[in-house]
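Down below is the structure, laid out as structure tokens.
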Amino acid sequence: MKHPFHAIITDAAGKHLFAAVSASVKKFNIETGALEATYTLPAPVEAPPKKKAKTTDEAKDTEESNKEKQQPAKASNAQEGVRAIRTLALSRNEKYLIGTESKSVYVLNASDLSLISARTFPKRPSSVTTSIDDSDLVVGDKFGDVYSVPLLATDALVLSSSEAAKEAQSASIQPILGHVSMLVDIQIAEADGKQYVITADRDEHIRVSKFPQAYIIDRWLFGHTEFVSELTLVPWKPELLLSGGGDDFLAVWNWTTGALLQKFEIRSLLATHLTEEYHTALRKGSDLEISISRIVALPKYKQVAVLAEATNVILILELDAESGSLKHLHTLQGAEGTRFIDLAASEDKLVASVDGAEASLVSIYEVTESGKYKLAENEASSSITKDGSLEKTDADQEYPLYGIKHLRKRGEF
């Protein structure tokens, strides 16, 4: 079996695809499928353990510990330590590709994937973006904090192999705002010449703050009852924001006024595509739960594509800019036995990474002038699969593909 691409992104023109697979990110020509560049995370430098004499009790403890280690570890614990590029983002000018791994953020030259900088943050980043002018790198972490640092830093050209240097670098970075729970997504928006940072967390909160003076809260967007995993600004109507997560609906907001314009119900569109193998229910007999993993915009056709985690369907919705209302147009369905992992969109292409398909790790859809979607009839997908895939070797070293559902809080009942 091949290791699928767990994160993908395209440039606006739809010429290049950037795909993360395990500890590497690869750049492909979407038209031909040709592999143009690869960046792989540097091997970690581990300091040799200090030796000391053991007492009799310590020796017994060590022996018992070794016995415990021989027992199979839980998959979730094993996967926590997997080295992988977890998230990908492009700067607004598309000159830089940003990737995260563990507590580090890597800035790469988007043309050849050469390393420009690598910085260590206090906690593991969960989402990254840039300021409107690309001068600042904005990072949200799993503890709910947001940091802003220069995108291009002269003092961080390479990641130091010294743990002391990493700790010092991490300690020097201070948050500009904080949530009380895990921060899941972040966007930088602009209105009336001013920048705002929009953040979403595990506690169904969406916060709009001034940027970079993020201690000034402009407003809260209340309407979700479950976690919010996705925030997407509408390119053709910048004051509109789409959000989704653990609820049975997508929300459409005017984030500049705080108005909730629509709750678009999605359960009826997804119910038959949820399976007990991957989706859970609050209690026996209740509905299987929905977890939105990606919302992407296709500006040319004023449409958005929506992916629910561990399903093989993509919802294509039309967004009316004047009313702020969504309408279902199409449902794209993958091959039986496959699941879509991530989505990326350009002006006239939609790319999905695929799990469970030996033939192709990506599905490339072209959008016709009439707004219809068709699978690209070329060799690009097979070339990308051939040059970009890794063979699965050790299950404990596979990157966990379906983690959004774990954001849902479980009460006592």
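For the sequence shown, full-length UniProt numbering assigns the number 1 to the initial residue and increments by one for each residue that follows.
Even for Gly, the Cβ is constructed at its ideal location relative to N, Cα and C.
This one's a predicted model, so the numbers in the text were calculated from it and none came from an experiment.
**OP:** Following the continuous alpha helix (DSSP H) through R267, name the residue where it begins and the one where it ends.
**Re:** R267 to L270
**OP:** Would you be able to state if there are at least three C-beta pairs under 8 Å between the region 98-109 and the region 174-185?
**Re:** no
Original post:
How would you write the range of the beta strand (DSSP E) that I295 sits in, first residue to last?
Top reply: I292 to L298
Original post:
From which residue to which residue does the beta strand (DSSP E) around T10 run?
Top reply: A7 to T10
Subject >> Between the CA atoms of P238 and S291 - distance to the nearest angstrom >> reply: 25 Å
Original post:
Leaving out five residues before and five after S293 in sequence, what residues of the same chain have Cβ atoms less than 6 Å from its Cβ?
Top reply: L307, E309 and I404
Original post:
Name the DSSP beta bridge partners of R408, please?
Top reply: In the DSSP output, where bridge partners are listed per residue, R408 has none listed.
Original post:
Taking contact to mean at least 3 C-beta pairs separated by less than 8 Å, is the region 351-369 in contact with the region 265-277?
Top reply: no
Original post:
By Cβ distance, which residues of its chain are closer than 7 Å to I176, with the 5 residues on each side in sequence left out?
Top reply: V146, Y147, S148, P212 and A214
Original post:
Would DSSP call H273 helix, strand or coil?
Top reply: helix
Original post:
If you draw a straight line from the C-alpha of L115 to the C-alpha of A153, how long is it?
Top reply: 12 Å
Subject >> Through-space distance from D203 to F227, alpha-carbon basis >> reply: 5 Å
**OP:** Identify, in the order they occur along the chain, each residue of the same chain with its Cβ nearer than 8 Å to the Cβ of T331, setting aside the five sequence neighbours on each side.
**Re:** L269, V313, I314, L315 and I316
Original post:
What first and last residue would you give for the beta strand (DSSP E) that runs through residue 414?
Top reply: Here the chain has residues from 1 to 413 only, and residue 414 is not among them.
Original post:
Just reading off the beta strand (DSSP E) that A244 is part of, what are its end residues?
Top reply: Note on residue identity: the sequence assigns Gly, not Ala, to residue 244. First-last of the beta strand (DSSP E) with G244: L240 to G245.
Original post:
If V296 sits next to L17, beta carbons under 8 Å apart, how far is it from one beta carbon to the other, in whole angstroms?
Top reply: Not quite, the Cβ-Cβ distance comes to about 13 Å (not below 8 Å), so this is no contact.
Subject >> Contact set for residue 417: own chain, Cβ-Cβ below 8 Å, skip 5 residues either direction >> reply: Nothing can be reported for residue 417: it is not among the residues displayed for the chain, which extend from 1 to 413.
**OP:** Kindly indicate the opening and closing residues of the beta strand (DSSP E) around I341.
**Re:** R339 to A345
Original post:
With a Cβ-Cβ cutoff of 8 Å, do L241 and W255 count as a contact?
Top reply: yes
**OP:** Under 8 Å by Cβ, that's how I've got S382 and G33 pegged, so tell me the actual separation to the nearest angstrom.
**Re:** 7 Å
Original post:
For D185, which beta-bridge partners are listed by DSSP?
Top reply: A200
Original post:
Just reading off the alpha helix (DSSP H) that G99 is part of, what are its end residues?
Top reply: Careful: G99 lies outside any alpha helix (DSSP H), inside the beta strand (DSSP E) at Y96 to E101.
Original post:
How would you call Q174, buried or exposed, if buried means at least 16 neighbouring beta carbons within 10 angstroms?
Top reply: exposed
Subject >> Buried/exposed call for G140, threshold 16 Cβ in 10 Å >> reply: buried
**OP:** Select from I216, S229 and A191 the residue whose C-alpha is nearest the C-alpha of I206.
**Re:** S229
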